[in-house]
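Chemist: Residue numbers for the sequence shown follow the numbering used here, beginning at 1479 and rising by one. Note that beta-carbon positions come from the ideal geometry of N, C-alpha and C, so glycine has one too.
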Amino acid sequence: MTNRNSIKHVLFDLDETMYPKETGVMDLIGERINEYMSLRLGIHPDEVSALRAAYYERYGTTGRGLYLHYDMDVHDYFEFVHDLPLEGLLQPDPRLDEMLKSLNAEKVIFTNATADHARRVLQVLQVEQHFDRIVGIEELEYVPKPDIRAYQKALELARGRPEECLLIDDRVRNLEPGRRLGMTTVLVGGPAVDDGADFVIEEILQLGGLMNEIRSRH
Ligand SMILES: [Mg+2]
């Protein structure tokens, strides 16, 4: 059994974990992906949605599938899909700032998006200063979660052992590999009980309280 008092690193997913789904950021990224597929790669618009679903299932992200199956310039792809008016969608989040300040652990962003996108999101939320490291898709060598290699790479970069890590994500399937490695997992915004995660919180702001609870159990 993991000694949960020993949590030293918190690995945060970015999109729809650090801010709520309702902001619409991911919907816009989805629209940009669709546009990229039809405009830049010449995929018929009628085929885009089925192809995205298939790639998501098989490879973790659409980007990974396009990278493997099309002669695609990944830098161009990510620049295009992350080209968003973030300032109009997100706002500074003083409560998130407060919670992160109180969290006594190394904080790492672990995202399938680019580090550049992550940095922009954190800047708009005004919480960038709390993060010791951003592990984006470039650092993952373009192998996204839930591929086990992504977690191994993140651990290597954070110089952490799995049992010292708390893994936070809004998708259960991105938590499962971490859990198998021995990380403690927290689902954000999910159904109140989920067998795929060790803990479930409604929103990221509840992480401070959960962390205290985890550390006091033991
Ligand atoms: Mg997410």
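#1: Which residues bound the alpha helix (DSSP H) around H1487?
#2: Could you pull the start and end residues of the beta strand (DSSP E) that E1691 belongs to?
#3: Considering only heavy atoms of ligand 1, does any lie closer than 8 Å to the CB of E1681?
#4: Does the distance from the CB of A1583 to the CB of V1650 come in under 9 Å?
#5: Find out if the Cβ-Cβ distance for the pair T1495, I1612 is shorter than 9 Å.
#6: Beta-carbon within less than 6 Å of K1499's beta-carbon, same chain only, minus the 5 sequence neighbours each way: which residues are those?
#7: Report the rounded CA-to-CA distance for L1492 versus T1589, giving the unit in angstroms.
#8: Which of the three DSSP states is assigned to E1680 in this structure?
#9: Measure the C-alpha to C-alpha separation of T1663 and M1577 and round it to an integer number of angstroms.
#10: So what does DSSP say about T1539, is it helix, strand or coil?
#11: Is it the case that the Cβ atoms of D1648 and G1668 are separated by a distance below 9 Å?
#12: Using the three-state DSSP reduction, which class does H1644 fall into: helix, strand or coil?
#13: Shortest alpha-carbon distance to Y1497 belongs to which of V1666, F1677, L1688, M1689?
#14: Keeping to the same chain, check which residues put their C-beta closer than 7 Å to that of Y1545; ignore five residues upstream and five downstream.
Modeler: The structure says:
#1: In the DSSP assignment, H1487 falls outside any alpha helix (DSSP H) and within the unbroken beta strand (DSSP E) covering 1487-1490.
#2: Annotation: E1691 is outside any beta strand (DSSP E); the continuous alpha helix (DSSP H) that includes it extends over 1685-1694.
#3: No - ligand 1 has no heavy atom lying nearer than 8 Å to the Cβ of E1681.
#4: No, these two residues do not count as a Cβ contact at 9 Å.
#5: No, Cβ-Cβ distance for T1495 and I1612 is not below 9 Å.
#6: Excluding sequence positions up to five before and after K1499, its CB lies less than 6 Å from no other CB in the same chain.
#7: Going by the C-alpha atoms only, they are around 6 Å apart.
#8: Reduced to three states, the DSSP call for E1680 is coil.
#9: Between T1663 and M1577, the C-alpha separation is close to 18 Å.
#10: The answer is coil: DSSP assigns T1539 none of H, G, I, E or B.
#11: Contact flag set, yes.
#12: Per the sequence shown, residue 1644 should be read as Leu rather than His. L1644 falls in the strand class under three-state DSSP.
#13: When V1666, F1677, L1688, M1689 are compared, the shortest CA-CA separation from Y1497 is found for V1666.
#14: Around Y1545, the same chain offers V1552, Y1620 as residues with beta carbons nearer than 7 Å, after the five sequence neighbours per side are excluded.
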